[in-house]
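**Q** Numbered by the working numbering, the letters in the sequence shown go through residues 178 to 622 in order. Before I ask anything, let me first share the structure, which is written out below as C-alpha cells.
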Amino acid sequence: MGSCPVKSARGTKTCVSLKNTVQGASTMAPWYAPSLRSRLAPLLLFLQMGFIFIYGFCTEVESNVSVDGITFRNFYPNFQDVNVIVFLGFGFLSTFLVRYGFSGCGFNVLVSVMATQLAIILNGIESWYYRGKISINLRSLVVAEMCTVSALISIGAVLGKTNPVHLVFIALLEVSGFVLNKWFLQTLLKVQPLNSIMQLHIFGAFFGLMLTWMLYRKGSELPFEKEKSDHKSGLFSMLGTVFLWMFWPSFNSVLVDDAPSGRKLGVVCSTYLALAVSAVTAAAVSVLSSPKGKLNLNHMQSCILAGGVAIGVSMSVVHQPWEAISIGFIAAIVSTIGYRYLKIHMLLAFQCHDTCAMLSTHGLPGLLGWLAHLVLQLKDCDDHTMGIRFAVVHICTLFITITLSLSMGIITGCLLKLNFWRPPQDKKCFDDQAFWEFPHLAVQK
Numbered sequence: 178m179g180s181c182p183v184k185s186a187r188g189t190k191t192c193v194s195l196k197n198t199v200q201g202a203s204t205m206a207p208w209y210a211p212s213l214r215s216r217l218a219p220l221l222l223f224l225q226m227g228f229i230f231i232y233g234f235c236t237e238v239e240s241n242v243s244v245d246g247i248t249f250r251n252f253y254p255n256f257q258d259v260n261v262i263v264f265l266g267f268g269f270l271s272t273f274l275v276r277y278g279f280s281g282c283g284f285n286v287l288v289s290v291m292a293t294q295l296a297i298i299l300n301g302i303e304s305w306y307y308r309g310k311i312s313i314n315l316r317s318l319v320v321a322e323m324c325t326v327s328a329l330i331s332i333g334a335v336l337g338k339t340n341p342v343h344l345v346f347i348a349l350l351e352v353s354g355f356v357l358n359k360w361f362l363q364t365l366l367k368v369q370p371l372n373s374i375m376q377l378h379i380f381g382a383f384f385g386l387m388l389t390w391m392l393y394r395k396g397s398e399l400p401f402e403k404e405k406s407d408h409k410s411g412l413f414s415m416l417g418t419v420f421l422w423m424f425w426p427s428f429n430s431v432l433v434d435d436a437p438s439g440r441k442l443g444v445v446c447s448t449y450l451a452l453a454v455s456a457v458t459a460a461a462v463s464v465l466s467s468p469k470g471k472l473n474l475n476h477m478q479s480c481i482l483a484g485g486v487a488i489g490v491s492m493s494v495v496h497q498p499w500e501a502i503s504i505g506f507i508a509a510i511v512s513t514i515g516y517r518y519l520k521i522h523m524l525l526a527f528q529c530h531d532t533c534a535m536l537s538t539h540g541l542p543g544l545l546g547w548l549a550h551l552v553l554q555l556k557d558c559d560d561h562t563m564g565i566r567f568a569v570v571h572i573c574t575l576f577i578t579i580t581l582s583l584s585m586g587i588i589t590g591c592l593l594k595l596n597f598w599r600p601p602q603d604k605k606c607f608d609d610q611a612f613w614e615f616p617h618l619a620v621q622k
C-alpha cells in the first residue's frame with residue numbers, strides 16, 4: 178500500500194504529491210489535539226471533581242412533593258419544557274453552519290450541563306450561608322437552567338470562532354456575572370426575582386457583544402470561508418427554532434406564581450399571541466427588505482422568537498391581548514430590520530462579528546420589552562410619586578444589567594486573548610474537523 182504502482186517520472190511525481198497530501202491531512206488533527214488533550218480534558222475533570230466535592234458536602238435534595246404528589250406532577254412537565262429549550266432548541270439552532278453541526282450541537286450540551294451545575298451552587302449560596310446546605314429541587318434546577326440560557330445567548334455571538342475550552346470558560350464566567358447581577362437587582366433595588374431573572378436576554382446579548390468585540394479577528398469584514406449554510410444545516414437549525422417557538426410559553430411562565438389565580442395562564446396566552454404575531458410580521462418584513470422579494474431563512478430562524486423575548490421581559494405588566502400582540506408586532510419589526518442591517522453595520526463600524534446576531538435576536542427585543550414594561554406600568558399607575566419611583570428603579574435596573582454585562586464581557590475577553598488558550602486558526606474557524614474525529618475525511622483530503 179505504501180509503494181507506488183506508477184513507474185513513469187510523471188507518475189512518481191504524482192504519487193509523491195498524493196502521499197504528501199495524505200500525510201498532511203493525517204497530521205492535521207495532532208496540531209489541534211494538544212489544545213484539547215492538555216487543556217479541555219484537565220479543565221473538565223478538575224471542574225467536575227470540584228463540583229462533586231461541593232455537592233457531596235454542601236447540598237441536599239429538598240422534597241417539594243406534597244402528600245399526594247400534586248406539586249411534583251404539576252411542575253415536572255414545565256421542567257421538561259425548559260430542558261427542551263436548552264438542549265434541543267438552542268442545540269439545533271446552533272447547527273446552521275454547514276461544517277459546524279457537530280460542534281454547534283455537541284458543545285451546547287457540554288456547556289449547558291457545566292453551567293447549570295455552577296448556577297445551582299451560586300444560586301444556593303444564600304441558603305448555604307443561613308442553613309449550611311444548598312437546597313436542590315425542581316425550581317432551583319429550572320432557575321439554574323434559565324441562568325444557563327443567558328450563557329448560551331452570549332456564546333452565540335462567538336460561535337465558530339472559539340474552541341470548547343473557550344466556551345466552557347465563557348459559560349462559567351457569564352453565569353457567575355448573571356447570578357451576581359440578579360443578586361444586585363434583588364438586594365439593592367428590591368426587584369422581583371422573576372423580573373431579575375428575565376433580564377437574561379439583555380445581559381446575555383450585551384455580554385456576547387462585548388466578548389465578540391474583544392475577540393475580533395482582523396479580516397472578518399470578509400466572510401470566513403466556511404461561515405455559510407446549506408439546505409441540510411438550515412433545516413436542522415429551523416428545527417431548533419420550532420422547538421424554541423413551541424416551548425417558549427412554558428419558558429416564560431414556568432416561574433410565575435399562579436396567585437392571583439389565572440396569572441400563569443395569562444402569561445402563556447400573552448407569550449403565544451406575541452410569538453404568533455412576530456412569526457407573521459418577521460416573514461412580511463423579511464420579504465419587504467429582500468432585494469429579490471423572497472423570504473430569508475435566517476430571519477425565520479431567529480426573528481420569529483422576538484415577540485416571546487419581549488414578552489418575557491415585560492410579562493408582569495401585560496394583561497390584555499392587544500398589548501401582547503402590539504409588543505410582538507413591534508419586536509419582530511425591530512429584530513428583522515436589525516438582523517438585515519445592524520449585523521453588518523456592527524461588523525464594519527464597531528468590529529463586532531456577531532455570528533448568530535444575538536443583539537438583534539435577544540438584545541433589541543429585550544430592550545423593547547424593558548421599554549414596554551416601563552410604559553405599561555406608568556399607564557396603570559395612578560400615584561405620580563410611585564410612578565416616578567418605579568421609573569427610577571426600572572432605569573437603574575437596565576443600567577446595572579448593561580454595565581455589569583459589558584464589564585464581565587471585557588474581563589472575559591481579556592482573559593481569553595491570552596495565547597495559552599490556542600484559538601483555532603482563521604482557516605479552521607467554523608469547522609468541526611478542528612475538534613472532532615473524521616477519519617474518512619482526513620484520508621480523502
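Glycine residues also receive a C-beta, built at the ideal position from the N, C-alpha and C atoms.
Within the 8 Å Cβ cut-off, does E404 reach chain B?
**A** Absent from the structure is chain B; it holds one protein chain and no more.
**Q** Under a three-way DSSP split, which group does T364 fall into?
**A** helix
**Q** What's the C-alpha gap between F506 and I587?
**A** 34 Å
**Q** Which residues in the same chain have their Cβ closer than 7 Å to the Cβ of S331, if we skip the five residues on either side of it in sequence?
**A** I347, E351, G381, F384, G385, L388
**Q** Check this for me: beta carbons of V342 and R216, under 8 Å apart or not?
**A** yes
**Q** Any contact of the region 368 to 380 with the region 513 to 530, i.e. 3+ C-beta pairs under 8 Å?
**A** Output reads no: the region 513 to 530 does not touch the region 368 to 380.
**Q** Can the beta-carbon of G543 be found closer than 8 Å to that of V486?
**A** yes
**Q** Rounded to whole angstroms, what is the Cα-Cα separation between S287 and F223?
**A** Reading off the sequence, residue 287 comes out as Leu, not Ser. Whole-angstrom Cα-Cα distance: 15 Å.
**Q** What separation, rounded to the nearest whole angstrom, lies between the Cα atoms of T339 and T574?
**A** 31 Å
**Q** Do F607 and E404 have their C-beta atoms closer together than 8 Å?
**A** In this structure, F607 places its C-beta atom within 8 Å of the C-beta atom of E404.
**Q** Measuring only the C-alpha atoms, how far is Q602 from G443?
**A** Distance between the alpha carbons of Q602 and G443: 49 Å.
**Q** Looking at C-alpha atoms only, which residue of S463, K469, G484, P468 is the closest neighbour of N475?
**A** S463
**Q** Tell me whether L482 is buried or exposed, calling it buried when 16 or more other Cβ atoms sit within 10 Å of its Cβ.
**A** buried
**Q** What is the DSSP secondary structure of T236, reduced to helix, strand or coil?
**A** strand
**Q** With I587 as the anchor, note down where its alpha helix (DSSP H) starts and where it stops.
**A** 561 to 593
**Q** Which of the three DSSP states is assigned to S624 in this structure?
**A** Shown here, the chain extends from 178 to 622; a query on residue 624 therefore has no answer.
**Q** Is it a yes or a no for the region 269 to 278 touching the region 298 to 307, going by three-plus beta-carbon pairs under 8 Å?
**A** no
**Q** With burial defined as no fewer than 16 other Cβ atoms inside 10 Å of the residue's Cβ, what is the status of E402: buried or exposed?
**A** exposed
**Q** Using a Cβ-Cβ cut-off of 8 Å (strictly less than) and excluding sequence neighbours within five positions of I502, which residues of its own chain qualify?
**A** Within the same chain, L450, A451, V454 come within 8 Å of I502 by CB-CB distance, once the 5 residues on both sides are set aside.
**Q** Using a Cβ-Cβ cutoff of less than 8 Å, which residues in the same chain neighbour N255 once the five nearest sequence positions on both sides are dropped?
**A** V319, S427, S430, V431
**Q** Just the C-alpha distance for H522 and I231, rounded to the nearest angstrom, thanks.
**A** Taking the straight line joining both Cα atoms gives about 45 Å.
**Q** Alpha carbon to alpha carbon, what distance is there between G233 and S410?
**A** Rounded to the nearest angstrom, the gap between the Cα atoms of S410 and G233 is 41 Å.
**Q** Does DSSP put A186 in a helix, in a strand, or in coil?
**A** At A186 the pLDDT is 44, less than 50, meaning the model places this residue with poor confidence; the figure from the coordinates comes in the next sentence. Helix at A186.
**Q** May I have the straight-line CA-CA distance separating A459 from H408, to the nearest angstrom?
**A** 20 Å
**Q** Under 8 Å between the Cβ atoms of S491 and I504?
**A** yes
**Q** Assuming L299 and V356 make a contact with CB atoms under 8 Å, what is their CB distance in whole Å?
**A** The beta carbons of L299 and V356 sit about 4 Å from each other, so the pair counts as a contact at 8 Å.
**Q** From which residue to which residue does the alpha helix (DSSP H) around I262 run?
**A** Neither: I262 is in no alpha helix (DSSP H) and is coded neither H nor E.
**Q** Let's test the definition: count the other Cβ atoms within 10 Å of the Cβ of N358 and tell me whether it reaches 16, buried, or not, exposed.
**A** buried
**Q** Can you tell me whether DSSP reads S271 as helix, strand or coil?
**A** In the displayed model, S271 falls within coil according to three-state DSSP, outside both helix and strand.
**Q** L362 and I577 - do their beta-carbons sit closer together than 8 Å?
**A** yes
**Q** Just grab the DSSP bridge partners of I313 for me.
**A** V238
**Q** What distance in whole Å lies between the Cβ atoms of I313 and V238, which are believed to be in contact at a cut-off of 8 Å?
**A** 5 Å
**Q** Between which two residues does the alpha helix (DSSP H) harbouring N596 extend?
**A** Note, N596: premise wrong, no alpha helix (DSSP H); not H, not E.
**Q** As a quick exercise: from P498, F567, C558, M477, pick the residue whose alpha carbon is nearest that of M537.
**A** Here the sequence assigns Ser to residue 537, which means Met is not the residue at that position. Out of P498, F567, C558, M477, M477 has the C-alpha closest to the C-alpha of S537.
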